[in-house]
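Take -19 as the starting number for the sequence shown in my numbering and just add one per residue. Don't be surprised by glycine CBs; every beta carbon is placed ideally from N, CA and C. Everything numeric in this text was worked out from a predicted model, so none of it was measured.
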Amino acid sequence: MNLKRYVSIVSALIILFSLFAAAAANVPGSASDPVVSLSYIQNTFIPKILNQLESKLSALRSDSMSRADSKIKKAIGDAERDLSVDAGRLREQVAYDTYMRMLDNGFYLDSGKTASLTLKAGERLVVTKNSSFTVQQGSAVIGGREQNKLVNVTAG
């Protein structure tokens, strides 16, 4: 009988220690590790995460917008500078062309431009400084106040 009693006491102690171990362990649902409810996830956790994501996206968006704005402003500034230079050149060209048209109704050749012209007797070709021309047929008469500064490269 002693053996039965001994086995019962040992079994009772094992059960008792098992209960204490289970109580001491952090199993889900205890006070230190509560089970999360669906309402907590839907009403608290998800909105909090969404707010954090929105704030990060907003910061990234504003940074990207400021970088894009600076690039756009630089491109506009460059384009305005180019346009003002082109506008200045255009004004000079229009003034030059108008002046030349006022002289007479001849042909005008500006330096840096190339053209093939056929002139009739009595027509005029006006050439600016640092320009060149070649008489391919017939003859030409050189006139104007700069006639003595003309270089004839065909004369050997």
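Just verifying my parser: in three-state terms, what is the DSSP assignment at residue i?
i        : result
Ser(-10) : In the sequence as presented, Ser is not what sits at residue -10; that position holds Val. Val(-10): helix per DSSP, three-state reduction.
Ala130   : Sequence inspection shows Leu at residue 130; the Ala mentioned does not correspond to that position. In this structure, Leu130 counts as coil in the three-state DSSP scheme.
Val107   : strand
Val65    : helix
Ser50    : helix
Val74    : helix
Thr98    : coil
Ala120   : coil
Phe113   : coil
Ser17    : coil
Less than 8 Å between the CB atoms is what I'm expecting for residue i and residue j, so what's the real figure, rounded?
i      : j      : result
Phe113 : Val107 : 6 Å
Are any of the Cβ atoms in chain C nearer than 8 Å to that of residue i?
i      : result
Ser112 : Protein chain content of the structure displayed is limited to a single chain, and chain C is not contained in it.
In chain order, what residues of the same chain have a beta carbon less than 6 Å from the beta carbon of residue i, not counting five sequence neighbours either side?
i      : result
Gly118 : none
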